[in-house]
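As structure tokens, the structure follows; a few thoughts come after it.
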Amino acid sequence: MEKILFLSHTEENGLLSSHALEALTAACQIAEGLNSELTIGLFGGSTKKAVDQVTGKTLVVEGEPFTSSRYATDAAVGEAIYKAAGATVVVVPGTARNMRFLSGLASRCNGKVDTHITGFTVDGGLILHRWFYRQRMRAEVTRSDRPWFIAVDSGVFEPFVGTGGNAEPVSVSIDDALLRTTVNGVKAPETGEQTIRPDAETLFVAGAGWTKKQADGQPHTDEAAELILDFMKKSGASLGSSKSLVDLKGEGQSVLPFMTHLNQVGQTGSTPRHQKGLATCCHGEEPHVVGWRFVNERRVINLDPNCGWAQGKADVLYVADAFAVMSEVNKMISD
Ligand SMILES: Cc1cc2nc3c(=O)[nH]c(=O)nc-3n(C[C@H](O)[C@H](O)[C@H](O)COP(=O)(O)OP(=O)(O)OC[C@H]3O[C@@H](n4cnc5c(N)ncnc54)[C@H](O)[C@@H]3O)c2cc1C
Numbered sequence: 000m001e002k003i004l005f006l007s008h009t010e011e012n013g014l015l016s017s018h019a020l021e022a023l024t025a026a027c028q029i030a031e032g033l034n035s036e037l038t039i040g041l042f043g044g045s046t047k048k049a050v051d052q053v054t055g056k057t058l059v060v061e062g063e064p065f066t067s068s069r070y071a072t073d074a075a076v077g078e079a080i081y082k083a084a085g086a087t088v089v090v091v092p093g094t095a096r097n098m099r100f101l102s103g104l105a106s107r108c109n110g111k112v113d114t115h116i117t118g119f120t121v122d123g124g125l126i127l128h129r130w131f132y133r134q135r136m137r138a139e140v141t142r143s144d145r146p147w148f149i150a151v152d153s154g155v156f157e158p159f160v161g162t163g164g165n166a167e168p169v170s171v172s173i174d175d176a177l178l179r180t181t182v183n184g185v186k187a188p189e190t191g192e193q194t195i196r197p198d199a200e201t202l203f204v205a206g207a208g209w210t211k212k213q214a215d216g217q218p219h220t221d222e223a224a225e226l227i228l229d230f231m232k233k234s235g236a237s238l239g240s241s242k243s244l245v246d247l248k249g250e251g252q253s254v255l256p257f258m259t260h261l262n263q264v265g266q267t268g269s270t271p272r273h274q275k276g277l278a279t280c281c282h283g284e285e286p287h288v289v290g291w292r293f294v295n296e297r298r299v300i301n302l303d304p305n306c307g308w309a310q311g312k313a314d315v316l317y318v319a320d321a322f323a324v325m326s327e328v329n330k331m332i333s334d
């Protein structure tokens, strides 16, 4: 009989992230499918609010040493909670923080780890699903080794809605050696604005057309930047880009200052999961559109009625000037 443990850190505000709640749904479904017991394990600076978000037996470790991501303390806490739960399968959200220590934790528990899990089936045992080679091949993974540590990707499961857990503290001995690393700050690419929002309903993609010469023979990059940022702020959408647009920076051309390679969607970029997508000034070539694999409702604004999107890749193509359309859209969503 399997024993399932859901393990996650809390966020700075003491809550579980949406990604963590999605992974908790996966853990519940796995436990149900295998007819197994589920234990929840939470750690962080504080866990009280997070305990209210879950249901059932909840092992907790909280305190100042667990506020930020640190391999030594996170792995020690993970090991203590894993042992207290006596788990055979440990489900975690694949957050940056968990991914830093999960393989080390699996190793010290003499277990195996699988990451980027996007689904599972139960057929005489647990079968995990994940994608390889830029989402082109889906693998089914089974293992007889236990414990089995599983990191679940975001945007796949519905966030869990709990009725409140029963907290049981777990003790962990933390000595000075584990506290040797301190977090002084976070260095991230300077995007100026928080534009990548995996939880957003809509993906807004900007293509290189925004920086090209327009009908008056001049580029209008500043106006493009204003229109796009205005839309991002008002809509809460996530910002994606074509490769051509982010590559322009390296060519020394006029660019949108908030756009980086992290925004790039496509074969050599990301494959985000959003319910809807709107591509603007983007031609819709195959290496870009493969990144839209998980975006089901697709709309496009392009001046060219024969652009790549028109070849069966979009649900709706507006043959129009994106500057004019987005300016109207921004007015409409301000009202
Ligand atoms: C190995 C390889 C990997 C690649 N990987 C990726 C990848 O991961 N992601 C990716 O995006 N690309 C990738 N590419 C590049 C891809 O093939 C295209 O070159 C790129 O997506 C084109 O970007 P774009 O559509 O923004 O630019 P363009 O092809 O220049 O298209 C600009 C579009 O803007 C339109 N436009 C201009 N002004 C307006 C206006 N005012 N209103 C409306 N429309 C307007 C034009 O009609 C045009 O269709 C890859 C290519 C290769 C060879």
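Under numbering that gives the first Met the number 0, the residue at position 235 of the sequence shown is numbered 234, and the numbers go up by one with no gaps. Virtual Cβ for every residue (Gly too), placed ideally from N, Cα, C.
Between the stretch 85 to 97 and the stretch 191 to 208, the count of Cβ pairs shorter than 8 Å is below three; the stretches do not touch. In the three-state reduction of the DSSP assignment, K312 falls in the coil class. Within the model, the alpha-carbon separation for I332 versus G235 is close to 11 Å. Look at F322: its beta carbon is less than 7 Å from one of the heavy atoms in ligand 1. L41 has its alpha-carbon roughly 10 Å from the corresponding atom of L14. Exclusion of L202 from the 7 Å shell around ligand 1 follows from its C-beta lying no nearer than that to any non-hydrogen atom of the ligand.
In this structure, the CA atom of T259 is about 6 Å from the CA atom of V245.
In this structure, DSSP gives K56 an extended state, which the three-state scheme calls strand. With a beta-carbon spacing of about 6 Å, S269 and G290 fall inside the 8 Å limit used to define contacts.
For the pair V60 and A79, the CB atoms are nearer than the 8 Å cut-off. Shown here for E139: same chain residues with a beta carbon closer than 8 Å to its own, the five before and five after excluded, namely T120, I126, L127 and H128 in chain order. Here P271 is buried: its Cβ has 16 or more other Cβ atoms, across all protein chains shown, within 10 Å.
Within the model, the alpha-carbon separation for V315 versus T279 is close to 12 Å.
Under DSSP, Q263 shares a beta bridge with S240. Less than 8 Å divides the Cβ of G55 from the Cβ of L37. For T210, there is no enclosing beta strand (DSSP E), as DSSP marks it with neither H nor E. Setting aside the 5 residues that flank it on each side, R99 is surrounded in the same chain by S68, Y70 and D73, each with a C-beta closer than 8 Å to its C-beta; the list follows chain order. By the CB criterion at 8 Å, A150 and L228 fall outside the cutoff.
When DSSP assignments are scanned along the stretch 109 to 175, the uninterrupted stretches of beta strand (DSSP E) that are 3 or more residues long and fall wholly within it turn out to be 111 to 121, 125 to 131, 136 to 140, 147 to 151 and 163 to 168. Taken atom to atom, the span from the alpha-carbon of V91 to that of V324 is near 42 Å. In the displayed model, G249 falls within a helix according to three-state DSSP.
In the DSSP annotation of this structure, the continuous segment of the beta strand (DSSP E) that includes F203 starts and ends at T201 to A205. Contact between the stretch 21 to 30 and the stretch 152 to 164 is present: 3 or more CB-CB pairs across the two stretches fall below 8 Å. Under the 10 Å beta carbon count, N301 is surrounded by 16 or more other beta carbons and is classified as buried. Counting the other Cβ atoms within 10 Å of the Cβ of F230 gives 16 or more, which makes it buried. Note on the stretch 270 to 313: whole beta strand (DSSP E) runs with a minimum of 3 residues are 275 to 279 and 296 to 301, in chain order.
Sequence-distant partners of E21 (beyond 5 residues in either direction) whose C-beta falls short of 8 Å from its own C-beta, in its chain, are P92, V151, S153, G154, V155, F156, E157, P158 and F159. The DSSP-derived three-state label of V324 is helix.
Rounded to whole angstroms, the gap between the alpha carbons of Q310 and K232 is 31 Å. Taking non-hydrogen atoms of ligand 1 into account, the C-beta of I300 is found less than 7 Å away from one of them. Counting only residues of its own chain and dropping the five nearest sequence neighbours on each side, S106 has no CB closer than 7 Å to any other CB. DSSP links I3 through a beta bridge to L37 and V88.
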